[in-house]
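Notes for the one structure printed next.
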């Protein structure tokens, strides 16, 4: 898999006439996107979702050039006025028009048809090769230097058809567009396969990490320790000297956060939601803030976790567990907080127990709700925990800390590899669709 620097350049270049783009191959031309394709909007307000029907392609299904099945919904075309329906055809390109992913795009392929466009824009190429235009929409010069600037002109990220149509696109001959698109199809497929391998490795590492935690917090560190039945079918045997205690008996308080509206601020105490609580840590980077006054006057103690309180996501992605580091913060109703009774259990041990696979599985199993699941703190309080003496709890946590450092380092290494691969993918696309590299020879060699 070659980097852009390994490919030759074209023999002759010219000024593109676009200040931020610089030189392009002499035989390439600059034009507006609206001259290469028609642009229209999808159906707008969607009809009722069905268990059977035709896929409705929404922004959640658009990801860096590909249509993903995650979150795909079905609709009945008869529920939509005929004039509003936009049937998608192979080669059409969906461009997200609002929200966090504004400007992201993906091409429709044969296996996506039949399907209907949701709220977003549909670009129908009529004077260029669709795959080439799709790669151009993913490139730095079009996505970052033009679309991203347009979408940020509004208070909320937004892009309309006029703004998209006015974007400058650099195009070679139709034959060369086809050659470049085919080359990028092959090269990006190789990179995507490597990314998938790293993602699979991360999933396996996290699964193994949970298994290691589960074994340590249910069987202990001594493989020769006498065992006894725990009395809990899903837990099995535990060391004979361990006690069985429910979470509630090991806690001074189990509660969840505020339900009342809270003002937001540029800085101040953090307002943590389930989105901010990750597996083993709290991500403050994306957390919102509230005012000092609201923090002091509008909240009760149960919404203001103290240092070493255990935070658990009870709504959304269920069961993520982290130890609160003492940062000034409040939690909303999607997060539960456990204040450990430190005469019986260390916060570290109770936290790591709840992160273990066997307890994670049980929390999810006992989650209530019909369509949307929740972890109820009343059920959480009854969940039995195998409890060793305090000294042994500390030993287990110390050993697990060493093991987690090893796992975490491997995960970080894999995540770094993914980042580098995606950067290489982006750089290759941008270089190819702006003519900064000449891939015609490589494409011919690949096709031979």
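Numbering (full-length UniProt numbering), first residue to last: 1 to 448.
Cβ atoms here follow ideal geometry from the backbone N, Cα and C, with glycine treated the same way.
Proximity of residue i and residue j at Cβ, strictly below 8 Å
i, j, result
"residue 73", "residue 47", "no"
"residue 30", "residue 168", "yes"
"residue 374", "residue 315", "yes"
"residue 451", "residue 414", "Residue 451 lies beyond the stretch modelled for the chain, which goes from 1 to 448, so this question has no answer here."
"residue 350", "residue 164", "no"
"residue 231", "residue 388", "no"
"residue 40", "residue 86", "yes"
"residue 269", "residue 289", "yes"
"residue 213", "residue 400", "yes"
"residue 308", "residue 324", "yes"
"residue 125", "residue 37", "yes"
"residue 217", "residue 421", "no"
"residue 287", "residue 272", "yes"
"residue 430", "residue 14", "no"
"residue 66", "residue 106", "yes"
"residue 28", "residue 145", "no"
"residue 118", "residue 235", "no"
Cβ-heavy atom distance, residue i to the ligand FAD, below 7 Å
i, result
"residue 396", "Inclusion of the ligand FAD in the displayed structure is not the case, the ligand content being empty and no account of it being possible."
Minimum C-alpha distance to residue i - residue among the options
i, options, result
"residue 184", "437, 428 and 236", "428"
"residue 99", "120, 186 and 193", "120"
"residue 277", "32, 301, 320 and 127", "320"
"residue 137", "58, 324, 62 and 395", "62"
"residue 53", "80, 45 and 323", "80"
"residue 345", "329, 302, 396 and 325", "396"
"residue 142", "170, 116 and 115", "170"
"residue 116", "440, 42 and 378", "42"
"residue 274", "318, 352 and 211", "318"
"residue 249", "403, 384 and 140", "384"
"residue 239", "27, 35 and 225", "225"
"residue 353", "279, 366, 111 and 423", "279"
"residue 64", "432, 423 and 440", "423"
"residue 432", "172, 166 and 376", "172"
"residue 200", "251, 418 and 4", "418"
"residue 210", "403, 416, 440 and 444", "403"
"residue 130", "68, 182 and 83", "182"
"residue 251", "362, 363, 377 and 291", "377"
Through-space distance from residue j to residue i, alpha-carbon basis
i, j, result
"residue 381", "residue 191", "47 Å"
"residue 258", "residue 90", "48 Å"
"residue 253", "residue 103", "46 Å"
"residue 132", "residue 180", "7 Å"
"residue 300", "residue 247", "23 Å"
"residue 331", "residue 25", "56 Å"
"residue 534", "residue 255", "In the structure as shown, the chain begins at 1 and stops at 448. Residue 534 is therefore absent and cannot be evaluated."
"residue 93", "residue 370", "36 Å"
"residue 128", "residue 95", "17 Å"
"residue 109", "residue 189", "15 Å"
"residue 150", "residue 16", "21 Å"
"residue 237", "residue 393", "18 Å"
"residue 60", "residue 223", "48 Å"
"residue 328", "residue 296", "11 Å"
"residue 442", "residue 187", "11 Å"
"residue 260", "residue 298", "8 Å"
"residue 35", "residue 193", "35 Å"
"residue 426", "residue 322", "34 Å"
"residue 148", "residue 310", "39 Å"
"residue 416", "residue 4", "20 Å"
"residue 83", "residue 97", "20 Å"
"residue 44", "residue 365", "38 Å"
"residue 77", "residue 101", "26 Å"
"residue 112", "residue 440", "30 Å"
"residue 49", "residue 18", "45 Å"
"residue 343", "residue 302", "21 Å"
"residue 22", "residue 69", "38 Å"
"residue 233", "residue 71", "35 Å"
Going along the chain, which unbroken runs of the beta strand (DSSP E) with 3 or more residues stay wholly within the stretch 125-210?
-> 168-171
Indicate whether the contact test is met: 3 or more Cβ pairs, each with one atom in the stretch 147-160 and one in the stretch 168-182, closer than 8 Å.
-> no
Would you call the stretch 281-291 and the stretch 358-369 in contact, with 3 or more CB pairs under 8 Å?
-> Two segments are said to touch when three or more pairs of C-beta atoms, one from each, lie closer than 8 Å; by this definition the stretch 281-291 does not touch the stretch 358-369.
Does the stretch 302-318 come close enough to the stretch 334-346 that 3 or more CB-CB pairs lie under 8 Å?
-> yes
Does the stretch 204-212 come within contact of the stretch 406-413, defined as at least 3 CB pairs closer than 8 Å?
-> yes
Can you list the beta strand (DSSP E) stretches of 3 or more residues lying completely in the stretch 326-366, in chain order?
-> The stretch 326-366 contains these whole beta strand (DSSP E) runs: 329-331 and 335-340.
Go through the stretch 231-301 residue by residue and report every complete run of the alpha helix (DSSP H) that reaches 4 residues or more, in order.
-> 292-297
Does the stretch 423-441 touch the stretch 3-10, meaning 3 or more C-beta pairs lie closer than 8 Å?
-> yes
Segment contact flag, the stretch 264-271 with the stretch 336-351, C-beta cutoff 8 Å, min 3 pairs = no
At 3 residues or longer, and completely inside the stretch 370-425: list those beta strand (DSSP E) runs for me, N to C.
-> 384-387
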